[in-house]
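With our numbering applied, the sequence shown corresponds to residues 225 to 449, in that order.
Here the structure comes first, spelled out in structure tokens, and everything after it is commentary.
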Amino acid sequence: MQPLVAPSLLAFDLSRMADEVRALEAAGADVLHLDVMDGHFVPNLTFGLPVIEALRKVTKLPFDAHLMVTNPDQHLEQYARVGCNWLSVHVEVCPHLHRTLAHIRELGMKAGVAINPGTSLSALDAILAPDSPADFVLMMTVNPGFAGQKFVGGGMERIAKLRTLIGERVGSGKIKIEVDGSLKVENAGQAVAAGAEVLVVGSGIAATKDWKATISAIKATGASR
Ligand code: DX5
Ligand code: ZN
């Protein structure tokens, strides 16, 4: 199966956001990944609602907002209002996970649970069930906060383990696996083979000359599977 490719805007030229987004859409991106950081949950600040709202006018790509914030419940309605289609919250900061995910769905968005490389997959136990309120898991393969970091060891094995758990407890394909962190043409095939269905790619596209060729090459890594 060919993966969906979700470029992470953070890795591109933020002084030319609108142009970069249009170029990514033309290059064959499937989804636009938007990294929202609050300076508390992660040691960095990026952009939030007004910027997302402004970008909504320049592209038809679905918006996948990854909330790296301590209080994700605070602005859920607003993310829907500004045009987000997928919304993920971190399991590490969600004490009422079912409620939060159900709320995201009620607002008409796909509900995702993001999980850091250092968090045991057992943190997902409660939502890996046939009546799961989650549409996808966002498996981090770097510690969130910055684009262009190094892949954290064991990431591929965690993807494979999660795929097995979803197959056993929820049903194959019922919860999608999105992977985020240090993916590029060279390791995308491994991630897809392990079970990744959506690949977030930042510097793995931004640092290449021909984004269209890079996105095609990433998609092709899943072609024969
Ligand atoms: C990390 C972010 C990622 C990041 C990806 O905190 O969640 O989405 O921008 O960038 P690369 O692909 O360069 O690791
Ligand atoms: Zn992200």
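Beta carbons: idealized from backbone N, C-alpha and C, even for Gly.
- Taking 7 Å as the cut-off, one finds at least one heavy atom of the ligand DX5 near enough to the beta carbon of Gly369.
- For Leu407, the Cβ falls inside the 7 Å cut-off from some heavy atom of the ligand DX5.
- With a threshold of 7 Å, the Cβ atom of Val313 does not count as near the ligand ZN, since no heavy atom of the ligand is closer than that.
- Distances between the C-beta of Leu234 and the heavy atoms of the ligand DX5 include at least one below 7 Å.
- For Lys400, the uninterrupted beta strand (DSSP E) run begins and ends at 400 to 404, by DSSP.
- Ala278 is positioned such that its CB atom lies no closer than 8 Å to that of Ile439.
- The same chain holds no residue with a CB closer than 6 Å to that of Asn411 once the five nearest residues on each side in sequence are set aside.
- Assignment of Gly336 by DSSP, reduced to helix, strand and coil, places it in the strand class.
- When secondary structure is reduced to three states using DSSP, Ala278 falls in the helix class.
- Annotated three-state conformation of Met380 is helix, per DSSP.
- Shortest gap from the CB of Val424 to any heavy atom of the ligand DX5: under 7 Å.
- Inclusion of Thr365 and Gly342 in the CB contact set at 8 Å is not warranted, their separation being larger than that value.
- A Cβ-Cβ separation of about 4 Å places Asp404 in contact with Val424 under the 8 Å criterion.
- Under the DSSP assignment, His327 falls in the alpha helix (DSSP H) whose first and last residues are 321 to 330.
- The beta carbon of Val315 lies closer than 6 Å to those of Val337, Ile339, Ala347 in the same chain, with the five residues before and after it left out.
- For Pro231, the secondary structure class from DSSP, reduced to helix, strand or coil, is strand.
- Look at Val422 here: in three-state DSSP terms it is strand.
- Within a 10 Å sphere around the beta-carbon of Leu269 sit fewer than 16 other beta-carbons, which makes this residue exposed.
- Taking Glu249 as reference, the option from Asp297, Lys400, Val313, Val282 with the minimal CA-CA separation is Val282.
- Taking every residue with its beta carbon within less than 5 Å of a heavy atom belonging to the ligand ZN gives, in chain order, Asp259, His290, Asp404.
- Residue burial annotation: Lys284 is exposed, with fewer than 16 other C-beta atoms found within 10 angstroms of its C-beta.
- Leaving aside the five residues that flank Ala304 on each side, the residues in its chain whose CB is nearer than 7 Å to its CB run, in chain order, Leu331, Gly332, Met333.
- For Met225, there is no enclosing alpha helix (DSSP H), since its DSSP letter is neither H nor E.
- The segment 283 to 303 and the segment 318 to 330 touch, with three or more beta-carbon pairs separated by less than 8 Å.
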